[in-house]
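K.L.:
Residue numbers (my numbering): 17 to 296.
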């Protein structure tokens with residue numbers, strides 16, 4: 017189903033090209049377009065408008081209607097003929113577009129280039145933080161309204177930054193999503209939460225439900241099921257006390273791979289819930 021969806025995207029993109037335009041698939045769901053705007057500089061923005069319009073229309077796969085988001089980054093070659101700076105500038109602009117909702121595009125400028133350099137520095141720091149174990153989990157209790165008793169915990173990751181102090185998820189999780197670090201970050205959270213569940217049990221505490229936020233990208237990772245199965249066994253945790261929170265958008269966009277993974281995890285006893293319902 018995923019391949020058939022990509023083919024529909026490719027067909028829509030190619031329909032927007034003129035003679036002489038170059039088109040390539042960079043990998044996964046990422047594509048590159050090279051067009052000549054020397055005599056018509058406005059053509060890039062006009063094409064971006066058309067592409068976002070056609071890609072925002074519904075797709076039909078296996079009798080189901082699907083809606084996709086898309087993010088376009090636009091960069092002009094200016095005086096630099098080399099491909100690498102042009103691709104980098106387009107990538108920076110695309111990342112800026114990803115921060116907006118729906119099918120969007122963004123034109124590269126030096127301001128976002130400076131911001132991107134700052135983000136690149138922060139990304140490097142986050143990679144080091146994962147290696148050096150500078151992250152920590154805080155737990156928000158879930159209470160029974162009738163008895164006031166704690167019946168569960170939600171695992172919330174924090175970054176103990178050496179210079180900026182304790183950082184909330186809003187300061188680094190969006191960056192992790194953009195850079196792909198959300199997958200190793202997610203595995204770190206799962207490992208720590210299961211380890212703490214084991215420690216609480218060994219200290220004689222009654223079992224508590226543990227809720228963990230997982231990104232859509234994490235569920236797309238082919239190693240999620242074997243890794244989680246191994247960690248559950250290593251920490252001797254009853255999977256029925258484990259709950260994964262998914263966003264509404266992740267549930268709506270679920271692919272065959274995600275559906276199979278969710279079914280397998282349900283068979284282990286893992287529960288699922290919607291996080292921030294109504295906000296996407």
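Ideal Cβ placement from N, Cα and C applies to all residues, glycine included.
Would DSSP call residue 116 helix, strand or coil?
P.N.:
Here residue 116 corresponds to residue number 100 of the chain shown, with the count starting at 1. Residue state, collapsed to three classes: coil.
K.L.:
Please classify residue 122 as buried or exposed, where buried requires at least 16 other C-beta atoms within 10 Å of its C-beta.
P.N.:
The residue given as residue 122 occupies position 106 in the chain shown. Buried: at least 16 other Cβ atoms inside 10 Å.
K.L.:
Can you check which of these residues, 211, 222 and 47, is closest to residue 166 by C-alpha distance?
P.N.:
Within the chain shown, residue 166 is the residue found at index 150, counting from 1. Measuring from the Cα of residue 166, the nearest candidate turns out to be 222.
K.L.:
Would residue 111 be called buried (16 or more neighbouring beta carbons within 10 Å of its own) or exposed?
P.N.:
On the chain shown, residue 111 is found 95 positions in, with the first residue counted as 1. Buried, because 16 or more other Cβ atoms sit within 10 Å of the Cβ of residue 111.
K.L.:
Among residues of its own chain, excluding the 5 on either side of residue 260, which ones have a beta-carbon nearer than 7 Å to its beta-carbon?
P.N.:
Translated into the one-based positions of the chain shown, residue 260 becomes position 244. So the list reads 228, 230, 286 and 288, once near-sequence residues are dropped.
K.L.:
Would you kindly work out how many angstroms separate the C-alpha atoms of residue 176 and residue 138, rounded to a whole number?
P.N.:
Your numbering for residue 176 matches position 160 in the chain shown. Your numbering for residue 138 matches position 122 in the chain shown. Computed Cα separation, rounded: 13 Å.
K.L.:
DSSP three-state call for residue 154: helix, strand or coil?
P.N.:
Within the chain shown, residue 154 is the residue found at index 138, counting from 1. It is a strand residue.
K.L.:
Does the count of Cβ pairs from the region 177–195 and the region 155–166 closer than 8 Å reach three?
P.N.:
no
K.L.:
Just verifying my parser: in three-state terms, what is the DSSP assignment at residue 177?
P.N.:
Mapped onto the chain shown, residue 177 falls at position 161. Strand, per DSSP.
K.L.:
Restricting to Cα atoms, I'd like to know which of 86, 56 and 80 is closest to residue 25.
P.N.:
Position 9 of the chain shown, counted from the start, is the residue given in the question as residue 25. Here the closest residue by C-alpha is 86.
K.L.:
Let me know if residue 290 comes out buried or exposed under the rule of 16 or more other beta-carbons within 10 Å of its beta-carbon.
P.N.:
Within the chain shown, residue 290 is the residue found at index 274, counting from 1. Under this definition residue 290 is an exposed residue.
K.L.:
With 16 other CB atoms within 10 Å as the buried threshold, where does residue 170 fall?
P.N.:
By 1-based counting over the chain shown, the position of residue 170 is 154. When all chains shown are included, residue 170 counts as buried.
K.L.:
Could you work out which residue in 70, 262 and 253 is closest to residue 284 when comparing CA atoms only?
P.N.:
Here residue 284 refers to the residue found at position 268 when the chain shown is read from its first residue. That would be 253, whose Cα lies nearest to the Cα of residue 284.
K.L.:
Distance check for residue 19 and residue 193, CA to CA, integer angstroms please.
P.N.:
Locating residue 193 in the chain shown gives position 177, counting from the first residue. Locating residue 19 in the chain shown gives position 3, counting from the first residue. The straight-line gap from Cα to Cα measures roughly 23 Å.
K.L.:
Taking residue 73 as part of the alpha helix (DSSP H), name the residues at either end of that continuous run.
P.N.:
Counting from one through the chain shown, the residue named residue 73 turns up at place 57. First-last for residue 73: undefined, no H or E at that position.
K.L.:
Note the first and the last residue of the continuous alpha helix (DSSP H) segment covering residue 192.
P.N.:
To locate residue 192, count along the chain shown from 1; it is residue 176. Segment 189–195, the alpha helix (DSSP H) holding residue 192.
K.L.:
Roughly how many whole angstroms lie between the Cα atoms of residue 217 and residue 256?
P.N.:
Within the chain shown, the letter at position 201 stands for residue 217. Within the chain shown, the letter at position 240 stands for residue 256. Distance between the alpha carbons of residue 217 and residue 256 is about 14 Å.
K.L.:
Is residue 245 helix, strand or coil when you go by DSSP?
P.N.:
Working through the chain shown from its first residue, we reach residue 245 at position 229. Helix.
K.L.:
Would you check if the distance between the CB atom of residue 91 and the CB atom of residue 102 is smaller than 7 Å?
P.N.:
For this step, residue 91 is matched to residue 75 along the chain shown. For this step, residue 102 is matched to residue 86 along the chain shown. Yes, the pair counts as a contact, with Cβ atoms nearer than the cut-off.
K.L.:
What first and last residue would you give for the alpha helix (DSSP H) that runs through residue 236?
P.N.:
Position 220 of the chain shown holds residue 236. It spans 232–236 - the alpha helix (DSSP H) in which residue 236 sits, taken as one unbroken run.
K.L.:
Using a Cβ distance threshold of 8 Å, determine whether the region 145–159 contacts the region 113–120, with at least three qualifying pairs required.
P.N.:
The answer is no - the region 113–120 does not touch the region 145–159, with fewer than three Cβ pairs under 8 Å.
K.L.:
Can you name, in chain order, every residue of its own chain whose Cβ lies under 6 Å from the Cβ of residue 59, other than the five neighbours on each side?
P.N.:
The sequence position of residue 59 within the chain shown is 43, counting from 1. Hits under 6 Å: 53.
K.L.:
Is residue 296 helix, strand or coil by DSSP?
P.N.:
Looking up residue 296 in the chain shown gives position 280. At residue 296 the pLDDT is 41, less than 50, meaning the model places this residue with poor confidence; the figure from the coordinates comes in the next sentence. Coil at residue 296, not helix or strand.
K.L.:
Suppose you measure from the CA of residue 45 to the CA of residue 120; what does that come to, to the nearest Å?
P.N.:
The residue given as residue 45 occupies position 29 in the chain shown. The residue given as residue 120 occupies position 104 in the chain shown. Rounded to the nearest angstrom, the two C-alpha atoms are 15 Å apart.
K.L.:
Report back the beta-carbon spacing between residue 251 and residue 208 to the nearest angstrom; my notes put them in contact at under 8 Å.
P.N.:
As a working note, residue 251 is residue 235 in the chain shown. As a working note, residue 208 is residue 192 in the chain shown. Not quite, the Cβ-Cβ distance comes to about 10 Å (not below 8 Å), so this is no contact.
K.L.:
Measuring only the C-alpha atoms, how far is residue 36 from residue 157?
P.N.:
The residue labelled residue 36 in the question sits at position 20 within the chain shown. The residue labelled residue 157 in the question sits at position 141 within the chain shown. Going from the Cα of residue 36 to the Cα of residue 157 covers about 60 Å.
K.L.:
For residue 14 and residue 140, I'd like the C-alpha separation in whole angstroms.
P.N.:
A query on residue 14 cannot be resolved here, the shown segment of the chain reaching from 17 to 296 and no further.
K.L.:
Below 6 Å CB to CB, which residues in the same chain sit around residue 294 once its five sequence neighbours on both sides are set aside?
P.N.:
As a position in the chain shown, residue 294 is number 278, starting the count at 1. Low confidence applies here, because residue 294 scores a pLDDT of 42, under 50, leaving its location unreliable and the question unanswered by this model.
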